[in-house]
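Q:
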Amino acid sequence: MLNRYFSIIAWGLLLGVLGVTAARADVLDDIKKKGVLVVGTKADYRPFGFLDPSGKIVGFEPDLAADVAKRL
3 MLNRYFSIIA WGLLLGVLGV TAARADVLDD IKKKGVLVVG TKADYRPFGF LDPSGKIVGF
63 EPDLAADVAK RL
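Note that my numbering gives residue 41 to position 39 of the sequence shown, counting from 1, and the numbers run on in steps of one.
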């Protein structure tokens with residue numbers, strides 16, 4: 003009986019995930035049309051993201067976001 007419940011839960015999760023990804027399949031096309039990728043990052047933990055002396059957010063996360071935007 004317990005295996006049946008686990009199976010029902012597993013199938014429900016699988017179908018839920020597949021439904022969500024199918025609904026947003028056109029997001030990449032929208033980003034490419036706009037030509038802009040908007041990314042949010044925190045600037046409170048070195049080396050991932052922090053403010054340099056000029057007030058610009060620098061670090062691993064901003065660099066990664068910029069690289070992803072270039073590759074799109």
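Beta carbons are placed, not taken as given, at the ideal position from N, Cα and C, and that holds for glycine.
Should Ala-67 and Val-38 be called a contact, given that it needs their Cβ atoms to be closer than 8 Å?
A: One-based indexing of the sequence shown puts residue 67 at position 65. One-based indexing of the sequence shown puts residue 38 at position 36. Cβ atoms of Ala-67 and Val-38: not closer than 8 Å.
Q: With H, G and I counted as helix, E and B as strand and the rest as coil, what does DSSP make of Phe-62?
A: Translated into positions along the sequence shown, residue 62 becomes position 60. DSSP places Phe-62 in helix when its eight states are reduced to three.
Q: Just the C-alpha distance for Ala-71 and Asp-32, rounded to the nearest angstrom, thanks.
A: Here residue 71 is taken as the residue at index 69 of the sequence shown, counted from 1. Here residue 32 is taken as the residue at index 30 of the sequence shown, counted from 1. One C-alpha to the other measures close to 13 Å.
Q: Gly-51 by DSSP, collapsed to three states: which one?
A: Position 49 of the sequence shown, counted from the start, is the residue given in the question as residue 51. In this structure, Gly-51 counts as strand in the three-state DSSP scheme.
Q: Along the alpha helix (DSSP H) that carries Leu-74, what are the first and last residues, could you check?
A: For the purposes of this step, residue 74 is taken as residue 72 along the sequence shown, with counting starting at 1. Element bounds for Leu-74: n/a, residue is neither H nor E.
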